[in-house]
Amino acid sequence: MLDFNIQDRSIIFLEKDFFEGKDMSTLGSLCTKSYRRGDYYMTYVYSKIGIQKTGIDAFYLYLVLSLFKLGYINIANKILKKNQQLIEGLFYKNSVDVKDLIEFCVLFEYDEIPLNLRGEFDSLSDNDVLKLIYNARKNKDKESILKLSSYFEELQDSFYKTYIATVLGSIFSPIYFNYAANKEFFTPNMIDKNLNFNINSLSLRAIDSEIVDLFGYHNFEARDFKFYSYPYDDGLANMHLLEYKGKYLILDCGAYNNDYDIGKIDAIGFLRALNVDIRNVEGVFITHAHLDHYGSIDVLKGFGLKFFMTRQTYDLILKVGFCLDGFDINIVKYDEVVKLNTFSVIPFRNGHILGSCGYDILFGNKRLIYTGDFCLNNQFTVEGLDLKKLIQRGKIDLLAIEGTYLNKKDGLEYRDNQIILSKVVKKLNNHQIKTLIPSFAIGRAQEVALILQSYNSLRTPALIDGEAADITYYFQRQIDKNIINRLTSVSNNDMKFKLFNYDVFIVSSGMFQRDSTSYRYYYELKDKDAAIVKVGYISQNNSIMNEINIFENSQFFFDIPLSGHASYNQLVEAIITLSPENVIFVHTV
1093 MLDFNIQDRS
1103 IIFLEKDFFE
1113 GKDMSTLGSL
1123 CTKSYRRGDY
1133 YMTYVYSKIG
1143 IQKTGIDAFY
1153 LYLVLSLFKL
1163 GYINIANKIL
1173 KKNQQLIEGL
1183 FYKNSVDVKD
1193 LIEFCVLFEY
1203 DEIPLNLRGE
1213 FDSLSDNDVL
1223 KLIYNARKNK
1233 DKESILKLSS
1243 YFEELQDSFY
1253 KTYIATVLGS
1263 IFSPIYFNYA
1273 ANKEFFTPNM
1283 IDKNLNFNIN
1293 SLSLRAIDSE
1303 IVDLFGYHNF
1313 EARDFKFYSY
1323 PYDDGLANMH
1333 LLEYKGKYLI
1343 LDCGAYNNDY
1353 DIGKIDAIGF
1363 LRALNVDIRN
1373 VEGVFITHAH
1383 LDHYGSIDVL
1393 KGFGLKFFMT
1403 RQTYDLILKV
1413 GFCLDGFDIN
1423 IVKYDEVVKL
1433 NTFSVIPFRN
1443 GHILGSCGYD
1453 ILFGNKRLIY
1463 TGDFCLNNQF
1473 TVEGLDLKKL
1483 IQRGKIDLLA
1493 IEGTYLNKKD
1503 GLEYRDNQII
1513 LSKVVKKLNN
1523 HQIKTLIPSF
1533 AIGRAQEVAL
1543 ILQSYNSLRT
1553 PALIDGEAAD
1563 ITYYFQRQID
1573 KNIINRLTSV
1583 SNNDMKFKLF
1593 NYDVFIVSSG
1603 MFQRDSTSYR
1613 YYYELKDKDA
1623 AIVKVGYISQ
1633 NNSIMNEINI
1643 FENSQFFFDI
1653 PLSGHASYNQ
1663 LVEAIITLSP
1673 ENVIFVHTV
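Count the sequence shown with this note's numbering and you get residues 1093 to 1681, in order.
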């Protein structure tokens, strides 16, 4: 029986029972205690586990409360709308703390406190923040507003500072918004999430959440130029073709992953189907060193084509053992123009991984931006894409923008997932649960290591293994950060030694392909006290997912997206900021 009421037992002992004893009956108390301690991240984690494992209604209450407190108001409201009847049923049960139910009613603006909760509400101090907010919103009288305003001045809690500003602003005047903004009561997290009140108060341009529905996918034809994408039938292998006056550029030429091998695309067949004379292709521009963007360039070898990429992309492709002998490789530099006969191409930093770039392409009087895989937020290993630089270069006729997270509107932002990862791994590490983090060798493994170091998540050193190990040395030299140190090791010892001496394993491949190092670790750990933390994309078509689903029934499995791709909100922000004439989404099905 799960108990959501606060128990006398310390959260330390509850966590010990949960992580070491796999005692699911502690989840309710862990949820409540985490919420009361202000740890909304772990409240979110525990409530999601509770919903998945038990479906008990009280977990929905703490899920929406934690999301609300983290600033995800719209997502919390969506979940509430779907589960309102379940949550409101808690008003008539004695299963959760009444104070949490009252807070729920106040935050989600119930007109009346439910009768079953009224007695407890009335017994609150007149200076209780919940009572002050409720009375000010309901009564809209001078006394209530003045009381709340006075409390606002003295309050230290940044969440309630922000929330009270919205209440006062909606009741009285936008002056409260501006006052709060000037006093920096809005936390960076709150502003990032584009809450309605601070969009208005800070004069940010409102974002239409459905704006992406207005645009096209993959291909575009104008009167004087055309853009085509290789069909995504076999997976997200990227290849695009720009045509202008019988001349062409190829943008990326990737492969896709199967369980056991690499699937090459039919690049030549794609060009022939479009009646392309390959002699008129002026260049092949590769955005970065991920297989789905370069893995089929050998199909184009032998046709006299020029290939363009940054030095770091070139180095990283070689590091993973891809042979570039016989290719006419031309190294490009950020923000320096590559002049071809028909096209001028400017590589720009796009914030995805080390060495990645997008391409700003000029031809005739037209301009095309191809973002490649991009990210607006800074990561530990790379700075985010700076949209302002692209605006300065003038009008954009076509924006070909990646859409990896186009259909994932309700995800958490990157920084919040960083914090969740650090907290989850720290708890697993403290309880000596062997933790496997499958990670892409290029970019993600190094990012994960730096996150865990930055947030002091490691009681014992983590181990980087697989292809990621050698690549980490390269990253360390390039970004001038000590990834390999007393907290993170690279080992060439045998598996038995590594499993005995380490508890956290950051291992490639991130796709969990069979015969990869990450799969070998999984095979060794699957019958032990272990956890898998998924931080990136694993295809649902990968048969390993069936095994993971079985693993999840008896062991710990956490899905914490730490993507170097633009989130849905970032896609919308990029489109609005750049204001192109036309938009198409690529890198999405």
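Each residue gets a CB set at the ideal place from its N, CA and C atoms; glycine is no exception.
Annotation for Val1368: no alpha helix (DSSP H) segment contains it, and DSSP assigns it neither H nor E.
Per DSSP, reduced to three states, the secondary structure at Ile1445 is coil, with no helix or strand assignment. Lys1170 and Gln1144 have their alpha carbons spaced roughly 18 Å apart. Counting along the chain, His1385 sits inside the alpha helix (DSSP H) bounded by residues Leu1383 to Tyr1386. Proximity to Leu1408 across Leu1397, Gly1387 and Ile1237 peaks at Gly1387, based on C-alpha coordinates.
Three or more pairs of CB atoms, one per stretch, sit closer than 8 Å, so the region 1466–1477 contacts the region 1657–1676. A direct Cα-to-Cα measurement between Lys1480 and Ile1668 gives close to 12 Å.
Looking at the DSSP output, Leu1454 sits in a beta bridge with Ser1436 and Arg1459. If you compare the alpha carbons of Val1412, Gly1450 and Ile1445 with that of Val1424, the shortest gap goes to Gly1450. Ranked by how close their Cα comes to the Cα of Leu1172, the residues Asp1189, Lys1185 and Phe1196 have Phe1196 in first place. The bridge partners DSSP lists for Ser1321 are His1332. Apart from sequence neighbours up to five positions away, the residues of its chain that approach Asp1651 with a beta-carbon distance below 7 Å are Lys1626, ordered along the chain.
Boundaries cannot be given for Asp1619, as no beta strand (DSSP E) includes it and DSSP labels it neither H nor E. Here the alpha carbon of Leu1207 sits roughly 56 Å from the alpha carbon of Tyr1324. The beta carbon of Lys1620 sits closer than 7 Å to the beta carbons of Lys1526 from its chain, once the five residues preceding and following it are set aside; these are given in chain order. In the DSSP annotation of this structure, the continuous segment of the beta strand (DSSP E) that includes Ile1423 starts and ends at Asp1420 to Val1424.
A distance below 7 Å between beta-carbons, with the five flanking residues on each side excluded, links Asn1574 to the following residues of its chain, in chain order: Gln1568. Take Leu1454, set aside five residues on each side of it, and the residues of its chain with a beta-carbon closer than 6 Å to its own are Ser1436, in chain order. Per DSSP, the unbroken alpha helix (DSSP H) holding Ala1537 starts and ends at Arg1536 to Ser1546.
DSSP places Thr1405 in the uninterrupted alpha helix (DSSP H) bounded by Arg1403 to Lys1411. With respect to Glu1559, Val1412 sits close: the two C-beta atoms are nearer than 8 Å. In this structure, the alpha-carbon of Ile1179 lies about 7 Å from that of Tyr1152. Of the residues Val1681, Asp1384 and Val1188, the one whose Cα lies closest to the Cα of Lys1356 is Asp1384. Assigned with DSSP and collapsed to three states, Lys1161 falls in helix. The DSSP-derived three-state label of Glu1204 is coil. When the beta-carbon positions are compared, Val1678 and Ser1321 come within less than 8 Å of each other. Take the alpha-carbon of Ile1165 and the one of Leu1460: they are about 36 Å apart. Burial check for Met1587: the Cβ neighbour count within 10 Å stays below 16, so the residue is exposed.
For Glu1374, the enclosing beta strand (DSSP E) starts and ends at Val1373 to Phe1377. The residues Pro1553 and Leu1555, in chain order, have a CB closer than 6 Å to that of Ser1581 in the same chain once the five nearest residues on each side in sequence are set aside. In the displayed model, Phe1196 falls within a helix according to three-state DSSP. Residue state for Leu1513 is assigned as helix, using DSSP reduced to three classes. Within the region 1467–1533, the complete beta strand (DSSP E) segments of 3 residues or longer fall at 1490–1494 and 1526–1530, listed in chain order. Shown here, Thr1669 sits in a helix according to DSSP, grouped into three states. For Leu1216, no alpha helix (DSSP H) encloses it, and the DSSP letter there is neither H nor E.
Straight across, the Cα-Cα distance linking Val1540 with Gly1361 is about 39 Å.
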